[in-house]
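**Q** Those sequence lines, one after another, are chains A and B. Using our numbering, read the first sequence as starting at 1 and increasing by one per residue. Using our numbering, read the second sequence as starting at 1 and increasing by one per residue.
Number of protein chains: 2
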Amino acid sequence: MTHVDSVVQQALAAKQAARKWALLSTEQKNAALRKIAQQLLENESTILAANEQDLAAAANNQYPQAYLDRLRLNHQRVLDLANSLEELAALPDPIGEEVAQWQRADGLSFRQIRVPLGVIGMIYEARPNVTIDAAAIALKTGNAIVLRGSRTARQTNQSLTASIQQALRSLDLPEEAVQYLTADQREAVDTLCTLNGLIDVIIPRGGADLINRVVKTSTVPVLVTGVGNCHLFVDQSADPDKAIPIVINAKTSRPAVCNAAEKLLLHKNWPYSERLLTELAAAGVQLRACPLTREQHPELAHLLQSATDADWDTEYLDLIIAVRTVADLDEALQHIEQHSTGHSEAIITEDTGKAARFLGAVDAAAVYHNASTRFTDGGEFGFGAEFGISTQKIHARGPMGLTALTSTKYLIVGNGHIR
Amino acid sequence: MTHVDSVVQQALAAKQAARKWALLSTEQKNAALRKIAQQLLENESTILAANEQDLAAAANNQYPQAYLDRLRLNHQRVLDLANSLEELAALPDPIGEEVAQWQRADGLSFRQIRVPLGVIGMIYEARPNVTIDAAAIALKTGNAIVLRGSRTARQTNQSLTASIQQALRSLDLPEEAVQYLTADQREAVDTLCTLNGLIDVIIPRGGADLINRVVKTSTVPVLVTGVGNCHLFVDQSADPDKAIPIVINAKTSRPAVCNAAEKLLLHKNWPYSERLLTELAAAGVQLRACPLTREQHPELAHLLQSATDADWDTEYLDLIIAVRTVADLDEALQHIEQHSTGHSEAIITEDTGKAARFLGAVDAAAVYHNASTRFTDGGEFGFGAEFGISTQKIHARGPMGLTALTSTKYLIVGNGHIR
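1) Kindly indicate which three-state DSSP category K409(A) falls into: helix, strand or coil?
2) Name the two residues that bound the continuous alpha helix (DSSP H) containing W21(A).
3) Given this structure, state the Cα-to-Cα distance separating R111(A) from S344(B), to the nearest angstrom.
4) So, for A22(A): in the same chain, excluding its five sequence neighbours on each side, which residues have a beta-carbon less than 6 Å away from its beta-carbon?
5) Exposed or buried, L171(B), counting other C-beta atoms within 10 Å across all chains shown (16 or more means buried)?
6) To be precise: take each residue of the region 315-341 of chain B, compare its Cβ to all Cβ atoms of chain A, and keep it if any distance is under 8 Å. Which residues remain?
7) Going straight from the alpha carbon of T182(A) to that of A14(A), what length do you get?
8) Looking only at C-alpha atoms, which of C258(A), E299(A), I321(A) and A135(A) sits nearest to T308(A)?
9) Counting contacts by CB-CB distance shorter than 7 Å, is A366(A) in contact with chain B?
10) Might you give, ordered along the chain, the residues of its own chain that have their beta carbon closer than 6 Å to the beta carbon of F358(B), omitting 5 neighbours on each side?
11) Kindly say whether V257(B), judged by its beta-carbon, lies nearer than 7 Å to any beta-carbon of chain A.
12) In the region 328-413 of chain B, which residue ranges form an unbroken beta strand (DSSP E) of at least 3 residues, counting only runs that do not cross its ends?
13) Tell me whether S6(B) counts as near the ligand FMN, meaning its Cβ is closer than 6 Å to at least one heavy atom of that ligand.
14) Run through chain A and tell me which residues come within less than 7 Å of E380(B), C-beta to C-beta.
15) Using a C-beta cutoff of 7 Å, does A371(B) count as contacting chain A?
16) Put H75(A) into one of helix, strand or coil per three-state DSSP.
17) Report the rounded CA-to-CA distance for I394(B) versus E125(A), giving the unit in angstroms.
18) Where are the alpha helix (DSSP H) runs, 4 residues long or more, that stay fully inside the region 235-274 of chain A, in chain order?
19) Closer than 8 Å by beta-carbon distance: list the chain A residues that pair up with L108(B), in chain order.
20) Check A144(A) in the structure and name its three-state DSSP category.
21) Less than 7 Å between C-beta atoms, sequence neighbours within five positions excluded: which residues of the same chain meet that for D351(B)?
22) Name the chain A residues that come within less than 9 Å of I246(B), Cβ to Cβ?
23) According to DSSP, what are the bridge partners of S109(B)?
24) Buried or exposed for R324(A), please, with buried defined as at least 16 other CB atoms from any protein chain shown within 10 angstroms of its CB.
25) I want to see whether chain B comes within less than 7 Å of I207(A), judged by CB atoms only; does it?
26) Who are S306(A)'s beta bridge partners in DSSP?
27) Any C-beta of chain B sitting closer than 7 Å to the C-beta of K251(A)?
28) Just list the residues that DSSP pairs N196(B) with in beta bridges.
29) Would you say D235(B) faces chain A, with C-beta separation under 7 Å as the test?
30) Per DSSP, what kind of secondary structure is Y180(B) in: helix, strand or coil?
31) Along chain B, which residues have their Cβ under 8 Å away from the Cβ of K216(A)?
32) Does T408(B) come within less than 7 Å of chain A when only Cβ atoms are used?
33) If we call anything under 7 Å between Cβ atoms a contact, is L304(B) one with L287(B)?
34) On the criterion of 16 or more Cβ atoms from any shown chain inside 10 Å, does E295(B) qualify as buried, or is it exposed?
35) Mind checking if L359(A) is an interface residue toward chain B, Cβ cutoff 7 Å exclusive?
36) For G378(B), which option in L292(B), N259(B) and W312(B) has the closest C-alpha, if you only look at C-alpha atoms?
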């Protein structure tokens, strides 16, 4: 069997399972999630043994320590996965929810209800926990899913998928609803992304290269999650007791995530710039500054590297921030318009008029006033579960909760109505 | 300038205009729509002269009469366009609408509000009225739009676009918000569909070839509108006084549109099949029947052609219907699952249990009980304006009203909140 045949066969099986899965009750779906949690705990030794194989291969291939850490499962991580499944089971089920309903004067009645998307194709890198998280959210929302993680995590991911399937089988539910691509060629991903009619949406999660490849190849609709070149604009009237903690938090609390701040725009007349920059440096942040910033702060010359053009568009995901001094709100807005990735942007100011202008004009999934960009997260938003943060404008924007994996349909009931 | 440069330049100009257009008030946008209506009436003779050029060229190139009819504008059609602009101006503005709002226990407050998508790329065929309809709906929802119609309607479309731009200019609004692609190579469309970052969504409207080409080429998200291979299932218990008018209406009232019925599934024990088939034939409908149907109705042999495999997947858009006799609801559901394009499907039955099963199991944008599929239409749904009927599951499904051209963003206000 060619890899194309094998991918098509798996997608077809997923589609058939999706039809059945879409009609399950909330109780059946939650029971499945709880059973999967139990199965993961029971299969822990098998799963960790598979993970050891992946780790050994990756170590042999000289992957860096940070990579191995992301790849590693252990007792605690398996426990965490099981707990997250229990939490997901406890969340409300969006499927069947009535989104709208109305009746025409002639008696024709309309209901718009929430339904599953169908079959999700999920392409991701490194962390094996995504295998469980993605499958669980898909099942909770009545969808089937075809998974494809990175090759380095293959044994682990297949072992996790096998546990899911074992759990579904034991409940007499269609195990084909969760599948891991068996073809391991890179081209198998391209095939998956062009199976319109079988796959309803493709979700790539990983670095910019992966996402760009999928966007270029896919003829199936793609939900783009992602890159966050997030800006903080500290206005002339910013309260330093708010601004300094916000900037430090947004940059340093977890620099490797997409909602971390990457750029700092300082109003040229804000009196506390020196203090802020000194505190950032003290927190271990490398500062890359524009010429005006360096000119205004000769006393900080030893802390301020020169920013290059490339800095303004770079998502460092590290303890680095680029700093630009701007003349006013307009210059800040212009800079953000030019360099924003549409993820999260913030203004820190005591001027409510300027705050309102910023909130209105900035085109991003989340726009903040006097708060850290780090709040752009499904958990912080209160969504209970999160499936990534969408930086595109169609379907879902910002943190994607359970409803992002749903569609709707109209049910129209008449009594012989004709047009 | 190459066609690529020219397309990029127009898209860039549209994006800049979109930023300004997004911030206009409802009153400014409605004034623009009314001004465009007035301008169309003032420029009628220029527009009709341009249309005459297109008609003459198309006639020279031996286009069929039906094609010329679709291409033709006249005084009445210009009046209709102006009226539709006035009606659109009177509709509520979805932009700025609060979709959700909540506050956390720590005081951090969240608002999700409706915003424009940005820049729409619209690729369409034949009817020049789409130029006005699409531009007007885009402007009403705060978006910019780059238009590309068929080459046969080029003079007409450019003349209509010039009238729009003239109207915007006279109100001192950014006329670049509506553009017609000047590069007329086919490749210009491919370029438009790959301008991620400049174009936010591509909407193709036309035949299956156009739509497939765009889906294959585009790296920008596509809203697929479309093909309707709509089924009517007449159950054993169907009331003939409802079933016969519904089938006749769904097939014959306007056969060339996507919500017209294309397939008829008859329960083998429904007692009124002969009467229905005879009435369909009397209404001028060509009947293509499965072997069982022909076997059950030897007396109708002269009316029943043999259906081929291809019939079950063909959207005729004509006075033709394929008829299959099925054993029960399950067989009907299976047939629909296999052949549905996800547009509109209907059951006609007095059995509420079967109706509920059908409404739950069928995966389509609109699912009907005892009503004609012809109601799948923005106007019939009460949306006021319609931008096509989506047959995909993400972003918008079914008739797309004004909100289908919007996205949302989260505005988050704190008081120094950090995570």
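Just so it is clear, CB atoms sit at the ideal spot from N, CA and C, and this is done for glycine as well.
**A** This is what the structure holds:
1) In the first sequence, counting from the first residue as 1, residue 409(A) sits at position 409. The answer is strand: DSSP assigns K409(A) an E or B state.
2) Counting from one through the first sequence, the residue named residue 21(A) turns up at place 21. H3 to W21 is the extent of the alpha helix (DSSP H) around W21(A).
3) What you label residue 111(A) is simply residue 111 of the first sequence in a count that begins at 1. What you label residue 344(B) is simply residue 344 of the second sequence in a count that begins at 1. Straight-line spacing of the CA atoms in R111(A) and S344(B) works out to 14 Å.
4) Numbered from 1 along the first sequence, position 22 holds the residue referred to as residue 22(A). If we look at A22(A) and ignore the five residues flanking it on each side, its Cβ neighbours are P116 and G142.
5) Taking the first residue of the second sequence as 1, we reach residue 171(B) at position 171. Under this definition L171(B) is an exposed residue.
6) E337
7) As a working mapping, residue 182(A) is identified with position 182 in the first sequence. As a working mapping, residue 14(A) is identified with position 14 in the first sequence. Those two C-alpha atoms are separated by around 13 Å.
8) As a working note, residue 308(A) is residue 308 in the first sequence. Cα-wise, what sits closest to T308(A) is I321(A).
9) Taking the first sequence and counting its residues from 1, one reaches residue 366(A) at position 366. For A366(A), the answer is yes, since a Cβ of chain B falls inside 7 Å of its Cβ.
10) Position 358 of the second sequence, counted from the first residue, corresponds to residue 358(B). Result list for F358(B): I347, in chain order.
11) Within the second sequence, numbered from 1, the residue matching residue 257(B) stands at position 257. No, its Cβ sits nowhere closer than 7 Å to a Cβ of chain A.
12) Qualifying beta strand (DSSP E) stretches, in chain order: 344-348 and 366-371.
13) For the ligand FMN, the structure offers nothing, since it holds no ligand at all.
14) Taking the first residue of the second sequence as position 1, residue 380(B) is located at position 380. Under the 7 Å cutoff, chain A gives R419.
15) For the purposes of this step, residue 371(B) is identified with residue 371 of the second sequence, where counting begins at 1. It does: the Cβ of A371(B) has a partner Cβ on chain A nearer than 7 Å.
16) Along the first sequence, read from residue 1 onward, the residue named residue 75(A) stands at position 75. In this structure, H75(A) counts as helix in the three-state DSSP scheme.
17) Position 394 of the second sequence, counted from the start, is the residue given in the question as residue 394(B). Position 125 of the first sequence, counted from the start, is the residue given in the question as residue 125(A). Counting only the Cα atoms, E125(A) lies some 24 Å from I394(B).
18) 240-252
19) Start at 1 with the first residue of the second sequence, and residue 108(B) comes out as number 108. Chain A residues near L108(B): A371 and F375.
20) Counting from 1 along the first sequence, the entry for residue 144(A) is found at position 144. Reduced to three states, the DSSP call for A144(A) is strand.
21) Stepping through the second sequence from its first residue, residue 351(B) is reached at position 351. So the qualifying residues of the chain are D235 and S237.
22) Residue 246(B) sits at position 246 when you count from the first residue of the second sequence. The contacting residues are G414, G416, H417 and I418.
23) One-based indexing of the second sequence puts residue 109(B) at position 109. Answer by DSSP bridge pairing, in chain order: Q103(B) and V413(B).
24) As a first step, residue 324(A) is located in the first sequence; it is residue number 324 there, counting from the start. Label assigned to R324(A): buried.
25) Taking the first sequence and counting its residues from 1, the one referred to as residue 207(A) is at position 207. According to the sequence displayed, residue 207(A) carries Gly and not Ile. It does not; no Cβ of chain B falls within 7 Å.
26) Sequence index remark: in the first sequence, residue 306(A) carries index 306 (1-based). Within the DSSP secondary-structure output, S306(A) pairs in a beta bridge with A289(A).
27) In the first sequence, the residue the question calls residue 251(A) occupies position 251. False, the Cβ-Cβ gap to chain B never drops below 7 Å.
28) Numbered from its first residue, the second sequence carries residue 196(B) at position 196. I199(B).
29) Here the question's residue 235(B) lines up with position 235 in the second sequence. Output row for D235(B): interface = no.
30) By one-based count along the second sequence, residue 180(B) stands at place 180. The answer is strand: DSSP assigns Y180(B) an E or B state.
31) Locating residue 216(A) in the first sequence gives position 216, counting from the first residue. Ordered by position in chain B, the residues that pass the 8 Å Cβ test against K216(A) are T219.
32) The residue you call residue 408(B) lines up with position 408 of the second sequence. Chain A, which has a Cβ nearer than 7 Å to the Cβ of T408(B), makes this yes.
33) By one-based count along the second sequence, residue 304(B) stands at place 304. By one-based count along the second sequence, residue 287(B) stands at place 287. Contact flag set, yes.
34) Stepping through the second sequence from its first residue, residue 295(B) is reached at position 295. With fewer than 16 Cβ atoms within 10 Å of its Cβ, E295(B) is classed as exposed.
35) Residue 359(A) sits at position 359 when you count from the first residue of the first sequence. Yes - at least one Cβ of chain B is within 7 Å of the one on L359(A).
36) The sequence position of residue 378(B) within the second sequence is 378, counting from 1. The option with the nearest alpha carbon to G378(B) is N259(B).
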